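What follows is a short report on a single structure.
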Amino acid sequence: MIILTAGTIFMMWLGEQITDRGIGNGISLIIFIGIIAEFPYSVFDEYQIVASGARNILVEFIYIGCFLLIIAGVIAVTVATRKIPVQYAKRVVGRKVFGGVTQYIPMKVNSAGVMPLIFAQSIMFIPSTFLSFFPDSEMMQGISKYFDYTSWVYSIVYSLLIIFFTYFYTAIAFNPKDVSDNMKKQGGFIPGVRPGKPTSDYIDNILTKITLPGAIFLAIIAILPTLLMKFGVTTGLASFFGGTSLLIIVGVALDTLQQIESHLLMRHYDGFMKTGKLKARR
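Start counting the sequence shown at 173; every next residue gets the next number (the numbering used here).
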């Protein structure tokens, strides 16, 4: 316990050093590298399966194509935003005129990130942990089969918990009433919507609508590794097709690339390539 605690504190300190002296969030980069380090071993296991003749190479190419499509879908949902236009009234202070411009409130489709999956996994550990206290009871062991991560009951309950926690975490992280009050204080308004409670209700309605597809997408990504394992994909490689691993990899990679782009702009460079700009920067 002492070694584990000391090692955790050291990794936290190392992450802070990376954040201060490097690019990106240090803790996130350490977790990112820890996940990526297992990828070569998973690829080697797949190569051995194909080399032994246990699987057709055409099926392996289909897996690779699906993997690329899933990554593209996760990237699209991660960077997807719904922009709400906000108009600011003109104010004359002395000889200067302020306001009169149109800005946007960017509302992400997946504003909760990976947190709903972590919350849902924590809840799903409770039944299996409780049932493990009764190893001699046939009834309890029979019930525990339904809470195994390979069962359909587990996948359905897990998906419903993810959808619930996505709405729960989004409601905590984004408060439409505070946004509406700040806009009213600064003289801003949404065209066609009255300031105050109507603006708050309008933002809350949009937030509810765009959170649903994001929550369903998170649920699909979470149970995708289990579905692929039923089709013969190895456990190591299936974990990269979805779940928290893929969301962390994509999220950290996009955040790091955006910070690299911002540093390059500060140095008057136009990115690595002219066609390689991130959509979020445009």
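Even for Gly, the Cβ is constructed at its ideal location relative to N, Cα and C.
Keep in mind the model is a prediction, meaning the values are calculated, not measured.
Assigned secondary structure, residue i (DSSP; H/G/I helix, E/B strand, else coil)
i	result
residue 275	strand
residue 258	strand
residue 422	helix
residue 406	coil
residue 184	helix
residue 367	coil
residue 352	helix
residue 285	coil
residue 224	coil
residue 393	helix
residue 346	coil
residue 414	coil
residue 438	helix
residue 173	coil
Residue i - partner residues in DSSP beta bridges
i	result
residue 360	260
residue 280	253
Residue i burial status per 10 Å Cβ neighbour count (16 or more: buried)
i	result
residue 212	exposed
residue 284	buried
residue 224	exposed
residue 364	exposed
residue 226	exposed
residue 290	exposed
residue 314	exposed
residue 352	buried
residue 142	Since the first residue of the chain shown is 173 and the last is 454, residue 142 is not available in this structure.
residue 355	buried
residue 434	exposed
residue 348	buried
residue 237	exposed
residue 375	buried
residue 389	buried
residue 328	exposed
residue 169	Residue coverage of the chain in this structure runs from 173 to 454, which leaves residue 169 outside it and unanswerable.
residue 412	buried
residue 345	exposed
residue 215	exposed
residue 256	buried
residue 304	exposed
residue 371	buried
8 Å Cβ cutoff met for residue i and residue j
i	j	result
residue 382	residue 281	yes
residue 288	residue 243	no
residue 207	residue 392	no
residue 330	residue 296	yes
residue 218	residue 409	yes
residue 187	residue 199	yes
residue 338	residue 387	yes
residue 309	residue 317	no
residue 250	residue 429	no
residue 179	residue 258	no
residue 232	residue 222	yes
residue 358	residue 260	yes
residue 175	residue 254	no
residue 202	residue 183	yes
residue 398	residue 341	no
residue 286	residue 416	yes
residue 414	residue 396	yes
residue 294	residue 319	no
Enumerated in chain order, which unbroken segments of the alpha helix (DSSP H) with a length of 4 residues or greater are wholly contained in the stretch 291–343?
-> Counting only unbroken stretches of 4 or more residues, the alpha helix (DSSP H) elements lying wholly within the stretch 291–343 are 310–316, in sequence order.
Where in the stretch 192–240 do unbroken runs of the alpha helix (DSSP H), each at least 4 residues long, occur, reported from the N-terminal end onward?
-> The stretch 192–240 contains these whole alpha helix (DSSP H) runs: 198–208, 211–223.
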